[in-house]
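Worksheet for the structure shown next.
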Amino acid sequence: MVQAGDKSNVKSKNQEAYRAIKEMILERHLFPGQKLVYRDLEQRLGMSKTPIINGLMMLENEHLVVSEKNRGYHIRYVNRREAEYIYDLREKLEDIAIEYAIANHDKRDLALLKRKLVAYRKYRNDTFNQKRLALDVDFHVQIAGMGKNPFFVQMVRQYYESVHFMFKAVFLTPSPDRFDRFKDEHERLYGAIKSKDLEAARRIGREHIRGARELLIKLIPE
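Written out as structure tokens, the structure is:
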């Protein structure tokens, strides 16, 4: 008979494996298309095969890994068409986030958005690296948070986590002109939210998302 403590320990190990592998994916220690070898993961994580497989099953539900019969798991690769679908969704999420933010934000929310805007603006590296991506995500997640809907914020965070690895295609890609435009769009989006101009904020948000989509899509193979 399996004791309650044993069940709890098994669940904890599964969660530990899930979080560890997910972090490896998001931190680029595992790459899109890479086959996952159980023995390698066992050695790297110091775990047995069972919690690793359970962790991978959880990651498959989040579409970060893919399993094939008799071939095991590999890191999911996003092709150009899938990236286009993902950015269509991002544009719609941004529309909703902006609407919620304008309707519900307070002065503290706006002050925090301003700090995240300044942090992005001050970052001087002219490549699309991990730091730049994190600063951009922080800015947009803050807009979602200003809507005071925790379920929506959770959805937006999960969206960014699920597609984080997709940006590997543009990491270390110089694009100073595009980044200057991103900074300008962030500034204008902040101003439109501050003045509660929903129409202008949505227009700027869509322009911003479509620019990011253009940067990424052209670097992903068909």
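In terms of the working numbering, the sequence shown opens at residue -9 and continues consecutively. Glycine is no exception: its CB is placed at the ideal position from the N, C-alpha and C atoms.
If you look at glutamate 197, you'll find it in the alpha helix (DSSP H) that goes 188 to 207. The beta carbons of lysine 106 and phenylalanine 129 sit closer together than 8 Å. In the same chain as leucine 188, and ignoring 5 residues on each side of it, the C-beta atoms closer than 6 Å to its own belong to Ile92, in chain order. Alanine 87 sits buried, since 16 or more C-beta atoms from the chains shown fall within 10 Å of its C-beta.
Uninterrupted beta strand (DSSP E) stretches at least 3 residues long and entirely within the stretch 19 to 96 occur at 55 to 58 and 62 to 65, given in chain order. Minimum Cα-Cα distance from arginine 29 among the listed residues Gly23, Ser38, Phe21 and Pro22 corresponds to Ser38. In the same chain as arginine 192, and ignoring 5 residues on each side of it, the C-beta atoms closer than 7 Å to its own belong to Asp85 and Ile88, in chain order. In this structure leucine 79 is exposed. Its beta-carbon is surrounded by fewer than 16 other beta-carbon atoms within 10 angstroms. The stretch 121 to 128 makes no contact with the stretch 64 to 82, as fewer than three CB pairs between them are under 8 Å. Taking a C-beta distance under 8 Å as the contact criterion, leucine 54 and lysine 12 qualify as a contact pair. The straight-line gap separating the alpha-carbon atoms of glycine 62 and arginine 71 is approximately 25 Å. By the Cβ-count criterion, proline 166 is exposed, with fewer than 16 other Cβ atoms from all chains shown falling within 10 Å of its own Cβ.
In chain order, Ala182 place their CB closer than 7 Å to the CB of alanine 190, counting only its own chain and leaving out the 5 sequence neighbours on each side.
Excluding sequence positions up to five before and after methionine 48, its CB lies within less than 6 Å of the CB of Tyr8, all in the same chain and listed in chain order.
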